[in-house]
Amino acid sequence: MRFVKLALAAATAVGLALTASAAMAQQRKVKIATEGAYAPWNFVNSAGKLEGFEIDLAADLCKRANLDCEIVAQDWDGIIPSLTAKKYDAIMAGMNITDKRLEVISFTQAYASGPHGMMAAKGAKFASAMPTGRFNLTTGKAEADKAIEQIKAAVKGKIVGVQVSTTNANFVNEYLKGSVAEVREYKTTEQHDLDLAAGRVDFVFAAHSAFAATIASPIGKDMEIVGPALNGGILGRGVAVGLRKDDNDLREAFDKAIAAAKADGTIKALTQKWFKIDMTPLS
Amino acid sequence: MQSLSLLTWGTSGWLDELTFAAGLTFLIALAGFALGALFGALAATAKLSRSRFARGAADVYTTVLRGIPDLLVIYLFYFGGSAALSSIAGLFGYTGFVGMPAFVTAALAIGIVNGAYQAEVLRGAYLAIPKGELEAAKACGMSDWIRLRRIIVPQVLRFALPGLGNVWQLVLKESALVAVIGLTVHLPAIDVFQLFTLPEVRFNDLLRQAHVAAGSTRLPFIFYLTAGAFYLLLTTLSYAFFQRAEKRALVGLRRA
Amino acid sequence: MDVAFLRETFLRLLPGVPLTLQLAFLSVSIGLFFALLLGFAMRARFAPLAWLAHGYVFVFRGTPLLVQVFLIYYGLGQFRPFLQELDLWWFFRSPWYCVLLALAMNTAAYGAEIVRGGLQSVPAPQVEAARAFGMSGFTLYRRIIGPLALRQALPAYGNELILMVKATALASTVTLMEITGIAHKLISETFRAVEIFLVAGSIYLFLNFLLTRLIAWGERKIAPDLALDKPELKTALVH
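Chains as they are written, first to last, in this note's numbering: chain A, 3 to 285; chain B, 3 to 258; chain C, 7 to 245.
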């Protein structure tokens, strides 16, 4: 009897060891796409290397989930179709969860959530008429709607720059299109920043986190964030890893890793390193 | 003068990145031109054939590709390429994904457009061969194949050379459009016979690299200017090359 | 094929057509004016003027139009205070003017080559004969050199016009929403590249078809003996 128990225990141990070593040996290879032009989320430095919050975070999440990850740069335009076409397995590119994107791909829980808003030249007159503070388009709809009305009045006749097919573009087209003189859509935020510096647009609408990088760079010395900080609703439910709909294993692995990184303060530390503010998602 | 320090070689400057990027641009143009020669030769043959269907198909090809913006063709290949390839593979029972590498996407898009131009040049060159020579070759009992090799191809190449030179300049400049889809070629580190390791490299095309540098330093003027200078260098060198080639091709040809 | 989607795409692309036509027409008109000046300047006896014209043509034909657009738009945007001092900022502020400038300067360079080629093709004996009759200056150009050069230049210039219609697509890279710009936006929203390409491509083909008819009509008018059927003459002159 004792022998049987021993043998069983030994067999279980061997079995466990085998599965464990198989898992170690067969670390899943995962290709993660990022944009490489959205500092400080992700960008290419002058040595040609990808750098930024998401590069650091991806390394941390992959270690936690025991994945063999490679990060590739991919232009924003084709980032979703190339995922569904299996060019890579995941997207970490400052991409917000939205209903429209959920029709095509799936998301993990959010790993960062920051406000969106406006940036203009320092001392721009129209900015003084705008409300300040934080508004959530989902949970505090009434106040947010009031704030948006005030923004609409303030930006009358101005030209706004926004990155094409982003939640920011959706917001601008939904709420501001009738009030501003013109909406100009750019391929990258860098391009609309160049045009804000040149004075071709009066303000740009993007994530506050992106503004921090611009203001810290040589071009941003005459720019400032104006108006309120907005999130929720059409602006999405936070930034998450985008995955193919049927890739449940990878979603579970990333979800677990993100939850752990949130719990032990890794996300807080990384967002403070790159954005100078804590952007850990609430729930 | 601070801007000049941006154009130094090494990790703080951008000149090394821009030079490698110019190299990649040259390779894209070369691959596009080679594919264009293939499509062009096929289309030119079809245009000269007796089959009404072949002629019609080739006419549609050259008319369409020369009538729409190249940018639109690049978007089509970029957004639709991999998906189309996968679904074609699916027809043959292959369920996995057939990825189209960025370089292939770019070369194919440029090659298809360029083939339409090369087709016209090659057809014109064929028609320039004196009819008598073809008849004489036939009369001498040359087979189709020998006629093609000895009479047609050498003369078509000679007559087509100036036109092909133009088309090459076109393809060089067209390669700039690839920047809008952001071509990056990424080569992983390679272990050479376990002797030494080639480091991993990431190449952008020239204009894309200028974009990246402009965005990261926020000084666009100097970088677009440098990109322009690289293009001018490439087009000038190729012009000189084609001039020499033409001279050589015309050796022994009596001029009117 | 989803006909409803094609229809919707067509209706959404249609608002881009006026901008495409506007850019093509204006840049070609302005470009032609400068092409004539440059074409004559290239043949000027005053050497520095000829060098300058040749240099201009060399630089603009030797670099991609897209680089020229970015250099003028993003590159010059960097020098706003300076341009404001010159009171030129209103011009460079607008993407529309910037693209128009880039297109016009580009087609001026290609056009100049065509003008030069046309002028060069006029046989010297014809000019000598006209001079012997006492013609000179403006009359010589209007009666002899002009018509002969035009006959030679028109097919090549017709080609250039079509290339310019295609070139307007680059306006979309600096936020102008012409046909290709809207098409790109639609593709990145719906990911239906093939259908949108079909519709946008057809619009361009239709525009260029009309243009070729127009050019052919012009050729028949100017040179009925030349315009018979010589497609290989026209198509070899691609830049």
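In this text, a Cβ means the ideal position worked out from N, Cα and C, and glycines have one as well. Model, not experiment: these values are computed from the prediction.
According to DSSP, is residue i helix, strand or coil?
i      : result
L154/C : helix
G234/A : coil
M141/C : coil
A209/A : strand
F45/A  : strand
V244/C : Unreliable placement is indicated for V244/C, whose pLDDT of 42 sits below 50; the coordinate value is still reported in the next sentence. The answer is coil: DSSP assigns V244/C none of H, G, I, E or B.
L8/B   : helix
T36/A  : strand
R18/C  : helix
R30/A  : strand
L160/C : helix
E135/B : helix
L52/A  : strand
W16/B  : coil
T181/C : coil
P70/C  : coil
K227/C : helix
K65/A  : helix
R50/C  : According to the sequence provided, residue 50/C is Ala. The question's Arg does not apply to it. In this structure, A50/C counts as coil in the three-state DSSP scheme.
R1/B   : Beyond the ends of chain B as shown, which are 3 and 258, falls residue 1/B; an answer cannot be given.
D93/C  : coil
F197/C : coil
K223/A : helix
Q152/A : helix
D195/A : helix
D72/B  : helix
V166/A : coil
S33/C  : helix
S127/C : helix
P283/A : coil
What does DSSP give as the partner residues of residue i in its beta bridges?
i      : result
A242/A : A112/A
I161/A : E184/A
V105/C : V105/C pairs with nothing; no bridge assigned.
N228/A : Residue 228/A is actually Val in this sequence, not Asn. The partner list for V228/A (beta bridge, DSSP) reads M120/A.
A130/B : Beta-bridge pairing links A130/B to no other residue.
E119/C : Looking at the DSSP assignment, E119/C forms no beta bridge with any residue, so it has no partner.
Go ahead and label residue i buried or exposed: buried means 16 or more other beta carbons lie within 10 angstroms of its beta carbon, across all protein chains shown.
i      : result
K275/A : exposed
S23/A  : Because S23/A sits at a pLDDT of 49, beneath the cut-off of 50, its placement in the model cannot be relied upon, and the following sentence gives the value as read from the coordinates. When all chains shown are included, S23/A counts as exposed.
E176/A : exposed
P156/B : exposed
L197/B : exposed
K264/A : buried
W223/C : exposed
R1/B   : Given a span of 3 to 258 for chain B in the structure shown, any question on residue 1/B remains unanswerable.
L239/C : The pLDDT assigned to L239/C is 40, lower than 50, so where the model puts this residue is not dependable, and the model offers no usable value.
R13/C  : exposed
E254/A : exposed
A212/A : buried
A138/C : exposed
I298/A : Summary: the structure shown does not reach residue 298/A, with chain A confined to residues 3 through 285, and so no result is reported for it.
V9/C   : exposed
N44/A  : buried
L182/C : buried
Quick one: which unbroken beta strand (DSSP E) runs of 3-plus residues sit fully inside the stretch 70-139 of chain A? Chain order, please.
-> 108-114, 118-123 and 136-138
Continuous beta strand (DSSP E) assignments of at least 3 residues falling wholly in the stretch 151-239 of chain B | 186-189, 192-194, 198-200 and 203-206
Mind the definition here: the stretch 25-41 of chain C touches the stretch 87-99 of chain C only if three or more C-beta pairs lie below 8 Å; say whether that holds.
-> no
Report yes or no: do three or more beta-carbon pairs, one from the stretch 228-236 of chain A and one from the stretch 220-240 of chain B, lie closer than 8 Å?
-> no
Are at least three pairs of beta-carbons, each pair with one atom in the stretch 192-203 of chain A and one in the stretch 71-86 of chain C, less than 8 Å apart?
-> yes
Counting pairs of Cβ atoms below 8 Å between the stretch 105-125 of chain A and the stretch 205-217 of chain A, do you hit three or more?
-> yes
Any chance the stretch 235-251 of chain B sits against the stretch 162-179 of chain B, with 3 or more Cβ pairs inside 8 Å?
-> yes
Please determine if the stretch 146-156 of chain A and the stretch 241-252 of chain A are in contact, where contact requires at least 3 C-beta pairs separated by less than 8 Å.
-> no
Looking at C-beta atoms only, is the number of pairs between the stretch 140-154 of chain C and the stretch 17-32 of chain C that lie closer than 8 Å three or more?
-> no
With contact counted as at least three CB pairs below 8 Å, one residue from each stretch, are the stretch 30-47 of chain A and the stretch 62-82 of chain A in contact?
-> yes
State whether the stretch 138-150 of chain A contacts the stretch 231-241 of chain A, with contact taken as three or more CB pairs (one from each stretch) at a distance under 8 Å.
-> yes
Counting Cβ pairs closer than 8 Å, one from the stretch 208-223 of chain C and one from the stretch 108-122 of chain C, do we hit at least three?
-> no
Contact between the stretch 55-67 of chain B and the stretch 159-168 of chain C: three or more CB pairs below 8 Å?
-> no
Segment contact flag, the stretch 15-35 of chain B with the stretch 109-116 of chain B, C-beta cutoff 8 Å, min 3 pairs = yes
Would you call the stretch 52-69 of chain C and the stretch 129-148 of chain C in contact, with 3 or more CB pairs under 8 Å?
-> no
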